[in-house]
Amino acid sequence: MARPASGDSALVDRTDSTNRLHGQDFFSIIEQMRERNYLGEFELMVLLALIQTGDDAYGLPISQELAKRRGRDVSLGSVYAALDRLEKKGFVSSALGDPTPERGGRAKRYFRVTKAGLCQVHETRKVLTRLWHGLPALKGARA
Amino acid sequence: MKQVNPPAAATWLLEHMTKNDALAGDLFEGYRHGRSAGWYWRQVMAALAIRFAEGLGDRWPAVVFAALWSAMPFPWWWGFVVRHEDILTGYVVVFPWPYSMICFLALSIASAVAFVWLGLAVCLLFGCLKRTVRRPRVLRALRASLLIFVPLQFGVVLLSLSAARINQELLLVFSHFCFFVPLLVSAWLGLPAAGGAASSPAPS
Numbered sequence: 001m002a003r004p005a006s007g008d009s010a011l012v013d014r015t016d017s018t019n020r021l022h023g024q025d026f027f028s029i030i031e032q033m034r035e036r037n038y039l040g041e042f043e044l045m046v047l048l049a050l051i052q053t054g055d056d057a058y059g060l061p062i063s064q065e066l067a068k069r070r071g072r073d074v075s076l077g078s079v080y081a082a083l084d085r086l087e088k089k090g091f092v093s094s095a096l097g098d099p100t101p102e103r104g105g106r107a108k109r110y111f112r113v114t115k116a117g118l119c120q121v122h123e124t125r126k127v128l129t130r131l132w133h134g135l136p137a138l139k140g141a142r143a
Numbered sequence: 144m145k146q147v148n149p150p151a152a153a154t155w156l157l158e159h160m161t162k163n164d165a166l167a168g169d170l171f172e173g174y175r176h177g178r179s180a181g182w183y184w185r186q187v188m189a190a191l192a193i194r195f196a197e198g199l200g201d202r203w204p205a206v207v208f209a210a211l212w213s214a215m216p217f218p219w220w221w222g223f224v225v226r227h228e229d230i231l232t233g234y235v236v237v238f239p240w241p242y243s244m245i246c247f248l249a250l251s252i253a254s255a256v257a258f259v260w261l262g263l264a265v266c267l268l269f270g271c272l273k274r275t276v277r278r279p280r281v282l283r284a285l286r287a288s289l290l291i292f293v294p295l296q297f298g299v300v301l302l303s304l305s306a307a308r309i310n311q312e313l314l315l316v317f318s319h320f321c322f323f324v325p326l327l328v329s330a331w332l333g334l335p336a337a338g339g340a341a342s343s344p345a346p347s
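So this is what it looks like as structure tokens:
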């Protein structure tokens, strides 16, 4: 078989990746799509609230901080769901504390932002700032 | 006067449906620090809804499969049989009443259970190709399918026996629903989550 010329390398790469895509089954493609690593709006808010809360951050103070900044009540279940997703992406880590009587004998789950999480927050901030600077004046919109 | 402990029913639901101890502890703490029972219930309901939505996302193949299998020809065939009772009852009419009725009910429910289990077997076979399906999961799925399906199917058969008084289209929709729900629940229990998501958080 004739070897492709060096100029065709991009074409070869693309053909290879297409073949790889066809080789994968439908389910694994969907799973890969679900494991995307960018931050959703609510995830970013939770991550920022976690940074604001500082050390000893667990579900309740994080949700209180978020509710205070947002100006409305937050569901603790959605905060935990976002924190679980962030942990899967490697942006936060968690550790269980000791069970206490004031929590009905249940342990606290402490969260902490990882280095990757901090990098992601900075990156998102940079991108958002650039996007905001590029915007024309928004007529009829209220902050 | 406010109770010292949060509503027991809400706590039971939270502990059994979400299996998130940290969340249960946070809600307990929030309640003890002055939140109302209404707040507690709202938080629990929201947590259950989120858990269910996440479960649907993780187990969407089970949802698709249950919808497809319950739309298979069996319900139509069964509707046809019930409308032309002599085809099936011809075999059991030799018994005196009520044994003929008992035989008819047993035969119809057994054939419907076989249809559901066949669907479950196909579903788990597909699941095996992709991930490991363990024996306890399969047993739990079979048990759940029986517990949910048999009462529902009993209702369908009784309704179809009084077919002159009820809307046939409504009966068909109900029949589909009776296949869909047990298939969904049993496939949900039988198949592991698609994304490898754990049912409870796994702190590092």
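Respectively, the protein sequence lines represent chains A and B.
Here the working numbering is used: position 12 in the first sequence is 12, and no number is missing along the way.
Each position in the second sequence, counted from 1, maps to that position plus 143 in the working numbering.
Even glycine gets a Cβ: it sits at the ideal position worked out from N, Cα and C.
Predicted model only: the values in this text are computed from it and were never measured.
- In this model, P204(B) and S213(B) are separated by some 14 Å (Cα to Cα).
- At least 8 Å separates the CB of E41(A) from every CB of chain B.
- Looking only at L76(A), T124(A), S63(A), R109(A), the smallest Cα-Cα distance to E41(A) is reached by T124(A).
- Just so you know, the alpha carbons of A165(B) and F258(B) end up roughly 41 Å apart.
- Within the DSSP secondary-structure output, Y174(B) pairs in no beta bridge.
- Take the alpha-carbon of G104(A) and the one of L301(B): they are about 48 Å apart.
- When secondary structure is reduced to three states using DSSP, R109(A) falls in the strand class.
- Rounded to the nearest whole angstrom, the CA to CA distance from E65(A) to P325(B) is 42 Å.
- By DSSP's assignment, P99(A) forms a beta bridge with A107(A).
- Burial state of D84(A) is buried, judged by a 10 Å Cβ sphere holding 16 or more other Cβ atoms.
- No Cβ of chain A is located within less than 8 Å of the beta carbon of F208(B).
- Proximity of the segment 111-125 of chain A to the segment 152-167 of chain B falls short of the contact definition, fewer than three beta-carbon pairs being nearer than 8 Å.
- The beta carbon of Y58(A) falls within 8 Å of a beta carbon belonging to chain B, placing the residue at that interface.
- Rounded to whole angstroms, the separation of the alpha carbons of L332(B) and T114(A) is 34 Å.
- Annotation: the continuous alpha helix (DSSP H) that includes M160(B) extends over 151-160.
- Around the CB of G262(B), 16 or more other CB atoms lie within 10 Å, so the residue is classed as buried.
- G104(A) has a beta carbon lying within less than 8 Å of a beta carbon in chain B.
- At a beta-carbon threshold of 7 Å, the residues of chain A lying near E172(B) are L60, E102, R103, ordered along the chain.
- The segment 282-294 of chain B makes contact with the segment 249-256 of chain B: 3 or more CB pairs, one atom from each, lie closer than 8 Å.
- Annotation: Y174(B) to F323(B) spans about 39 Å, alpha carbon to alpha carbon.
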